[in-house]
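To convert, note that position 247 of the sequence shown is 227 in our numbering; the numbers rise steadily by one, no gaps. Glycine residues also receive a C-beta, built at the ideal position from the N, C-alpha and C atoms. Worksheet: the structure to be examined is printed underneath.
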Amino acid sequence: MPSTQAASCTTLILRVAAVFLLILATAGFTAIPATASGSSKPTIVLVHGAFADASGWRDVAANLSARGYPVHTFDNPLRGPRYDSTQLERHLAMISGPIVLVGHSYGGAVITNTHDPDVVANVYIAAFAPDQGEFVQGLLNPLTFPGSRILPPALQLKLVDDPTGIGGKNIDGYIGQPYFHEVFAQDVSSDVAADMFAHQKSAALVANLEPSGAPSWRTVPSWYLLSQQDRVIPPASQRFMSSRAAPGRTTEIDASHASLVSQPSEVIDIVIGAAQETHR
């Protein structure tokens, strides 16, 4: 083959490979363009928790976008804080400018373990905010923080294919259909709860037992929106965590665990407040 042809062929292969790698890098990360001028605003990255997917942020994301904020939703793998935060960090590296991280439920454990120099604020929505060495199940200890209903028979198990697990398999937990509405989101309508159940993602059981690393909330300004009627993470546990992670920046509301769906305006307010205070 003439050298010019070989060079052209090599260039084409490199271009195709670059496109393929870009597709792989952006998988699981959805960007919602701002509908107003948002050049001076930080990017809001929304991280869902266990027993949910990114669709739970629908109303929050649409409202923030309408106000000019660039919004991304992260498809949380729900495999464990270390693995999930590594995937999140890879995606954050592709965002230019300041970032506000928002984590709901187990998503809070993920943003706690995420360290990116562009993150200017963490916002916890009825979320886990563990200190180093703590783990999710320990923060649901019924002797210290009674009240969680994430127990059998509501909590059910299944074997799943998982490349991160031993032998390509893992044991995941999920909330059974008869219990989902009353345990996860008792303050939404039956139709909304049915839609949320249909979008439910199971979470690896080992994610509840993996010790957390150095918490980002020690160096990143953080806010906390506490749900007083939470049946997943007891309010007492949320107060314990928020007193360390977001002292003086905690707001309590009369809501279920799914406040991002039942009271999106409260979530939007605290996210915008964090964005405005840390990026003027």
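From which residue to which residue does the alpha helix (DSSP H) around residue i run?
i: I252; result: 244 to 258
i: S65; result: 61 to 72
i: F220; result: 215 to 225
i: N43; result: 38 to 46
i: G88; result: 87 to 92
Can you tell which of the options has the C-alpha that lies nearest to the C-alpha of residue i?
i: I195; options: V140, H259, S170, P61; result: It should be noted that the sequence gives Pro, not Ile, for residue 195. Nearest option by C-alpha distance: P61.
i: T92; options: S192, Q180, A187, L185; result: S192
i: R229; options: S236, V251, D210, I213; result: V251
i: Q243; options: V168, T199, I130; result: V168
i: D98; options: A225, A235, P201, S239; result: P201
i: F160; options: D142, L123, L135; result: L135
i: F220; options: T94, D171, F108, G48; result: F108
i: L240; options: M74, L205, V163, K138; result: L205
i: K138; options: L131, I151, R129; result: I151
i: F125; options: A34, P214, Y154, V163; result: P214
i: Q157; options: G148, A178, D142; result: A178
i: H95; options: A101, E69, G77; result: E69
i: T66; options: G77, P50, V90; result: V90
i: P50; options: S35, I75, A34, D39; result: I75
i: P132; options: G113, G153, N121, L120; result: G153
i: A34; options: A235, Q180, R59; result: Q180
Tell me which same chain residues have a C-beta within less than 7 Å of the C-beta of residue i, skipping the five on either side of it?
i: Y63; result: P57, T144
i: L189; result: F115, Q117
i: D249; result: none
i: G148; result: D141, D142
Looking only at its chain, what residues have a beta carbon closer than 6 Å to the beta carbon of residue i, apart from the 5 residues adjacent to it on each side?
i: G29; result: H84, S85, Y86, G87
i: A225; result: A109, W197, S202
i: A5; result: The pLDDT assigned to A5 is 36, lower than 50, so where the model puts this residue is not dependable, and the model offers no usable value.
i: S129; result: The amino acid at residue 129 is misidentified as Ser; the sequence shows Arg. Correct list, in chain order: V163, R211.
i: L185; result: I151, G153
i: D111; result: P195
Going straight from the alpha carbon of residue i to that of residue j, what length do you get?
i: I26; j: N43; result: A small correction: the amino acid at residue 26 is Leu; Ile does not occupy that position in the sequence shown. So the two alpha carbons sit approximately 13 Å from each other.
i: P22; j: T231; result: 22 Å
i: I3; j: G127; result: Residue confidence for I3 is low, a pLDDT of 33 falling below 50, so the modelled location carries little weight and cannot support an answer.
i: V212; j: Q218; result: 10 Å
i: A216; j: S20; result: 38 Å
i: I146; j: V140; result: 11 Å
i: Q256; j: S207; result: 23 Å
i: S245; j: A165; result: 16 Å
i: L81; j: H71; result: 12 Å
i: V282; j: G77; result: The displayed coordinates of the chain run from -19 to 260. Any statement about residue 282 would go beyond what the structure contains.
i: L119; j: G113; result: 11 Å
i: G253; j: A183; result: 31 Å
i: G36; j: T199; result: 28 Å
i: A32; j: A41; result: 15 Å
i: I155; j: R47; result: 34 Å
i: L123; j: I24; result: 36 Å
i: A73; j: A187; result: 24 Å
i: R59; j: D39; result: 26 Å
i: S236; j: Y104; result: 15 Å
i: F106; j: N121; result: First, the amino acid is wrong: residue 106 is Ala here, not Phe. Going by the C-alpha atoms only, they are around 16 Å apart.
What span of residues does the beta strand (DSSP E) with residue i cover, start to end?
i: S202; result: 202 to 207
i: D152; result: 149 to 155
i: D25; result: A small fix is needed here, since residue 25 is Val in this sequence, not Asp. Looking at the DSSP string, the run of the beta strand (DSSP E) that includes V25 is 23 to 27.
i: A178; result: A178 -> not in any beta strand (DSSP E); alpha helix (DSSP H) instead, spanning 170 to 178.
i: H84; result: 79 to 84
i: E232; result: 230 to 233
How should residue i be labelled, buried or exposed, when 16 other C-beta atoms within 10 angstroms of its C-beta is the threshold for buried?
i: D262; result: Nothing in the structure corresponds to residue 262, since the chain is present only between -19 and 260.
i: T53; result: buried
i: M176; result: buried
i: S223; result: exposed
i: N102; result: buried
i: A174; result: exposed
By Cβ distance, which residues of its chain are closer than 8 Å to residue i, with the 5 residues on each side in sequence left out?
i: I233; result: L205, L206, S207, Q208, S239, Q243, E246
i: T258; result: P22, P78, V80, V100, A101, P201
Should residue i be flagged as near chain C, meaning a C-beta pair shorter than 8 Å?
i: L139; result: Note that chain C does not occur in the displayed structure, where there is just one protein chain.
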